[in-house]
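Visitor: Line order of the protein sequences matches chains A and B.
So the first sequence is numbered by our numbering: it starts at 177 and just counts up by one.
So the second sequence is numbered by our numbering: it starts at 55 and just counts up by one.
Using N, Cα and C, we set each Cβ at its ideal position, and we do this for glycine too.
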Amino acid sequence: MSDHVKEITAQDYEREVLASKEPVVLDFYSTECPPCEALAPKFDAVADAFAGRARFLKIFRQASRELATRLGVTGSPTLVFFKGGREVGERMTGEEIKKSALKAQVESILE
Amino acid sequence: MAEKYDLIIVGAGPAGLAAAIYAARARMKTLVVDESIPGGQVKTTHKVSNYPGFPEDVSGKDLAAAFAAQAQRFGAKIAKAVEITGHDLGGPEKRLVLDEEDEVTAPAVIIATGAKPRELGVPGESRFRGRGISYCATCDGAYFDGKDIHVIGGGNSAVEESLFLTQFARSVTIVHQFDEFQAEPASVQEARANPKIKVLLSHEPRGFHGEKSLERLEVEDLKTKERKVLPTDGVFIFVGMTPRTDLLKDVVPLAKGGYVETSEAMETAVPGLYVAGDVRVKRFRQITTAVADGTIAALAAQKYVKEHRR
């Protein structure tokens, strides 16, 4: 895992996601999830590219069921984007998340 | 600086990896590229019962890992989670650009990019993707622990994945447009005997509704034309696959449905360009037939490269 990706738990959600100064990309992941495994290197690379400008966080879905349900997340991986304490942009899910698409999405949120 | 190979295989599913095993053993410098981790559709298939060599079943995940390990054992290189951001496949030296930075070339290329789940094309479908709608039971089944869910489809995937989902869901209702299932009778029998599985034949989905997440599935009874709105906690869609042939769009003509015609040796109209697996025009698509295609394509490519290097 990249130095620029941090793992959080549901308890950290308010502080790390909603109260974050920088925009946040939150990755709900599960174990036994090939698309999550495929996303990991791309997530790391994009986190490195945007270090200091956006925060990249991962949260283990199986340990955060209540939060996942509250946010309406029903698939892994699901990327949820936050800015100024609110969700922004379109979520990204599943196998087909491309590195270039993720980069473009983060760029548009930073504007 | 572009890295040169003897053979580049696009897609690390059964077709691509079978080709890689043969190519690597023929001492071809072989690169396999995949946008995900190796295995293709097999890696998210929870159980494989009809691949020869496994009298006790094998998990898709384990079978995929075994294919990849075997290819690597003989020296094939597998590049995982890469995106093809540029390509030039029409000439004698074929070129691919990976992730906007790495360039690779080879005289021979095998396209084995497989297929992806077909969408229904029903209102609300894209809105609730990941928010109640899924196309992969092994990926997302665990999200629906104790819930009441629906499955759309009537073929092997719909019936078999419904059985898989009963280990999580409280109930699984299969919604199918026809009067009877197209799945293998053995699977249908097992499904009908499962107390958690209900069946709604001759019904088609017409819409997905809800606030933040999916809450209701609207269906039409094809016999009475009556519309019904069913409360639901989630819907899994298994209505077929569609070939991934975007790379070949301007390179070779595409047949009906987006599939590619080839010779018996997996050749296309472009010398040195081969196609293997589910993307081909063929009647039956199975792991075994994909593996056969990959084998043939690799052997044909080997002959071609040898002749063109003289």
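So which residues on chain A does Lys-266/B lean against when the C-beta distance must stay under 7 Å?
Guide: On the second sequence, residue 266/B is found 212 positions in, with the first residue counted as 1. Under the 7 Å cutoff, chain A gives Gly-248.
Visitor: State the CB to CB distance for the pair Lys-259/A and Ile-285/A, rounded to an integer number of angstroms; the pair is presumed to be in contact (CB under 8 Å).
Guide: For this step, residue 259/A is matched to residue 83 along the first sequence. For this step, residue 285/A is matched to residue 109 along the first sequence. Sure, about 6 Å apart at Cβ, within 8 Å.
Visitor: Is the separation between the beta-carbon of Arg-237/A and that of Tyr-205/A shorter than 9 Å?
Guide: On the first sequence, position 61 is the one that residue 237/A refers to. On the first sequence, position 29 is the one that residue 205/A refers to. For Arg-237/A and Tyr-205/A, yes; Cβs fall inside 9 Å.
Visitor: Three-state secondary structure (DSSP) at Arg-270/B?
Guide: Taking the first residue of the second sequence as 1, we reach residue 270/B at position 216. In the structure shown, Arg-270/B sits in a strand (DSSP, three-state: E or B).
Visitor: When Cβ atoms are compared, which residues of the segment 174-186 of chain B fall closer than 8 Å to chain A?
Guide: So the list reads Arg-183, Gly-184, Arg-185, Gly-186, given in the order they occur along the chain.
Visitor: Taking the Cβ atom as the reference point for each residue, do Arg-267/A and Leu-255/A lie within a distance shorter than 9 Å?
Guide: Taking the first sequence and counting its residues from 1, the one referred to as residue 267/A is at position 91. Taking the first sequence and counting its residues from 1, the one referred to as residue 255/A is at position 79. Going by C-beta atoms, Arg-267/A is nearer than 9 Å to Leu-255/A.
Visitor: If you measure from the beta carbon of Leu-215/A to each beta carbon in chain B, is any gap under 9 Å?
Guide: Indexing the first sequence from 1 puts residue 215/A at position 39. Yes, Leu-215/A lies at the interface with chain B (some Cβ there is under 9 Å from its Cβ).
Visitor: Just the Cα atoms here: how many angstroms apart are Phe-257/A and Thr-269/A?
Guide: Taking the first residue of the first sequence as position 1, residue 257/A is located at position 81. Taking the first residue of the first sequence as position 1, residue 269/A is located at position 93. Distance between the alpha carbons of Phe-257/A and Thr-269/A is about 12 Å.
Visitor: Check each candidate in Ile-62/B, Val-102/B, Leu-276/B and name the one with the smallest Cα separation from Asp-233/B.
Guide: Walking along the second sequence from the start, residue 233/B turns up at place 179. The shortest Cα separation from Asp-233/B among Ile-62/B, Val-102/B, Leu-276/B belongs to Leu-276/B.
Visitor: To the nearest angstrom, how far is it from the Cα of Val-222/A to the Cα of Cys-212/A?
Guide: Looking up residue 222/A in the first sequence gives position 46. Looking up residue 212/A in the first sequence gives position 36. Their Cα atoms are separated by approximately 15 Å.
Visitor: Check this for me: beta carbons of Tyr-59/B and Val-205/B, under 9 Å apart or not?
Guide: Taking the first residue of the second sequence as 1, we reach residue 59/B at position 5. Taking the first residue of the second sequence as 1, we reach residue 205/B at position 151. Contact flag unset, no.
Visitor: Can you name the residues of chain B whose CB is closer than 9 Å to the CB of Ser-276/A?
Guide: Taking the first residue of the first sequence as position 1, residue 276/A is located at position 100. Ordered by position in chain B, the residues that pass the 9 Å Cβ test against Ser-276/A are Glu-137, Thr-139, Asp-153, Glu-154.
Visitor: Measuring only between beta-carbons, confirm whether Glu-283/A sits less than 9 Å from chain B.
Guide: By 1-based counting over the first sequence, the position of residue 283/A is 107. So no, Glu-283/A is outside the interface.
Visitor: Counting only beta-carbon atoms, is Lys-115/B nearer than 9 Å to chain A?
Guide: Here residue 115/B is taken as the residue at index 61 of the second sequence, counted from 1. Output row for Lys-115/B: interface = yes.
Visitor: Check Arg-260/B in the structure and name its three-state DSSP category.
Guide: Translated into the one-based positions of the second sequence, residue 260/B becomes position 206. Strand at Arg-260/B.
Visitor: In terms of DSSP beta bridges, what is Leu-255/A paired with?
Guide: Taking the first sequence and counting its residues from 1, one reaches residue 255/A at position 79. Answer is Asp-203/A, Met-268/A, bridged to Leu-255/A.
Visitor: For the putative contact between Ser-188/B and Glu-214/B, defined by C-beta atoms under 8 Å, what is the C-beta separation to the nearest angstrom?
Guide: Here residue 188/B refers to the residue found at position 134 of the second sequence. Here residue 214/B refers to the residue found at position 160 of the second sequence. 15 Å between Cβ atoms; not a contact.
Visitor: Quick one: which chain B residues come within Cβ less than 9 Å of Ser-206/A?
Guide: Against the first sequence, residue 206/A aligns to sequence position 30. Under the 9 Å cutoff, chain B gives Cys-193, Asp-194, Ala-196, Tyr-197.
Visitor: On a Cα-Cα basis, can you pick out the residue from Pro-217/A, Leu-243/A, Gly-261/A that is closest to Asp-179/A?
Guide: Along the first sequence, one-based indexing puts residue 179/A at 3. That would be Pro-217/A, whose Cα lies nearest to the Cα of Asp-179/A.
Visitor: For Lys-97/B, go through chain A and note every residue whose CB falls closer than 8 Å to its CB, in chain order.
Guide: For this step, residue 97/B is matched to residue 43 along the second sequence. Those within 8 Å of Lys-97/B in chain A are Pro-210.
Visitor: In chain A, which residues lie less than 8 Å from Ile-91/B when you measure between Cβ atoms?
Guide: Residue 91/B sits at position 37 when you count from the first residue of the second sequence. Ordered by position in chain A, the residues that pass the 8 Å Cβ test against Ile-91/B are Pro-210, Glu-213, Ala-214.
Visitor: Starting from the beta carbon of Ser-188/B, find every residue of chain A whose beta carbon is closer than 8 Å, and list them in chain order.
Guide: Locating residue 188/B in the second sequence gives position 134, where the first residue counts as 1. In chain order: Thr-250, Gly-251.
Visitor: Span of the alpha helix (DSSP H) holding Val-359/B?
Guide: Here residue 359/B corresponds to residue number 305 of the second sequence, with the count starting at 1. Note, Val-359/B: alpha helix (DSSP H), 341-362.
Visitor: Excluding the 5 residues flanking Lys-83/B on each side, which residues of the same chain have their C-beta closer than 6 Å to its C-beta?
Guide: Position 29 of the second sequence, counted from the start, is the residue given in the question as residue 83/B. These residues qualify, in order along the chain: Tyr-59, Asp-60.
Visitor: In the segment 160-209 of chain B, which residue ranges form an unbroken alpha helix (DSSP H) of at least 4 residues, counting only runs that do not cross its ends?
Guide: 191-194
Visitor: Tell me, please, whether the CB atom of Gly-288/B is closer than 9 Å to any CB atom in chain A?
Guide: Counting from one through the second sequence, the residue named residue 288/B turns up at place 234. For Gly-288/B, a Cβ of chain A is located within less than 9 Å of the residue's own Cβ.
Visitor: Just reading off the alpha helix (DSSP H) that Tyr-76/B is part of, what are its end residues?
Guide: Residue 76/B sits at position 22 when you count from the first residue of the second sequence. Unbroken alpha helix (DSSP H) run through Tyr-76/B: 68-79.
Visitor: With DSSP as the reference, label Glu-57/B as helix, strand or coil.
Guide: The sequence position of residue 57/B within the second sequence is 3, counting from 1. Glu-57/B falls in the strand class under three-state DSSP.
Visitor: For Ser-90/B, count the other beta carbons within 10 Å of its own beta carbon; 16 or more makes it buried, fewer makes it exposed. Which is it?
Guide: Position 36 of the second sequence, counted from the start, is the residue given in the question as residue 90/B. The residue in question, Ser-90/B, is buried, as its Cβ has 16 or more Cβ neighbours within 10 Å.
Visitor: Comparing C-alpha positions only, which one of Glu-183/A, Arg-231/A, Lys-274/A sits nearest to Lys-134/B?
Guide: Locating residue 134/B in the second sequence gives position 80, counting from the first residue. Taking only the C-alpha atoms, the option nearest Lys-134/B is Lys-274/A.
Visitor: Name, please, each residue of chain B whose Cβ falls closer than 7 Å to the Cβ of Gly-265/A.
Guide: Position 89 of the first sequence, counted from the start, is the residue given in the question as residue 265/A. Those do not exist, as Gly-265/A stays about 14 Å from chain B at its closest Cβ, beyond 7 Å.
Visitor: Mind pulling the chain B residues with CB within less than 8 Å of Gly-261/A?
Guide: For the purposes of this step, residue 261/A is identified with residue 85 of the first sequence, where counting begins at 1. Chain B residues near Gly-261/A: none, gap ~17 Å exceeds 8 Å.
Visitor: Would Lys-131/B count as contacting chain A if we go by Cβ distances under 9 Å?
Guide: Locating residue 131/B in the second sequence gives position 77, counting from the first residue. Taking Cβ atoms only, chain A never reaches closer than 9 Å to Lys-131/B, which makes this a no.
Visitor: Per the DSSP calculation, Lys-282/B is bridged to which residue(s)?
Guide: If you number the second sequence from 1, residue 282/B lands on position 228. Per DSSP, Val-273/B.
Visitor: With 16 other CB atoms within 10 Å as the buried threshold, where does Ala-195/A fall?
Guide: Here the question's residue 195/A lines up with position 19 in the first sequence. Per the 10 Å Cβ criterion, exposed.
Visitor: The alpha helix (DSSP H) with Ser-276/A in it runs from where to where?
Guide: Here residue 276/A is taken as the residue at index 100 of the first sequence, counted from 1. Counting along the chain, the alpha helix (DSSP H) containing Ser-276/A begins and ends at 275-286.
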